[in-house]
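Below: one structure, written as structure tokens.
Numbering (full-length UniProt numbering), first residue to last: 1 to 98.
Structure (structure tokens):
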């Protein structure tokens with residue numbers, strides 16, 4: 001999962017069918033969203049949360065995935081482990097209370 005996949009989900013699942021409309025919907029400048037789509041920058045966490053809200057996605061998982069993609073080396077592995085723990089916790093009856 002990367003930011004472009006999230007932007008595509010926003011386009012598919014919301015009224016924001018273009019990068020400009022996505023920018024308007026989350027209250028940022030169009031060049032910011034274009035920069036994300038081109039891989040020049042990543043959105044701040046608050047904007048990832050807003051994108052997830054528009055797409056109907058779990059912001060916790062997307063924050064983990066996008067931050068994992070942004071780093072290299074041992075830090076990348078640490079983010080991957082955090083993602084694994086998060087996913088396992090979502091399916092564990094002991095942790096979810098179900």
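Where is the CB? At the ideal position from N, CA and C, for every residue including glycine.
Nearest-angstrom Cα separation, counted from residue 50 out to residue 34 = 16 Å
When the distance is taken between beta carbons, is residue 4 closer than 8 Å to residue 66?
-> no
Short Cβ contact (8 Å threshold) for residue 23 with residue 14 = no
Grouping DSSP H, G and I as helix and E and B as strand, with all else coil, what is residue 96?
-> Residue placement at residue 96 is poorly supported in this model, since its pLDDT is 47, which falls under 50; the coordinates are not used for a value here.
Check residue 18 in the structure and name its three-state DSSP category.
-> coil
Three-state secondary structure (DSSP) of residue 56 = coil
With distances taken Cα to Cα, identify the nearest neighbour of residue 40 among 58, 6 and 70.
-> 70
Taking only the alpha-carbon atoms, compute the straight-line gap between residue 80 and residue 58 and give it to the nearest angstrom.
-> 17 Å
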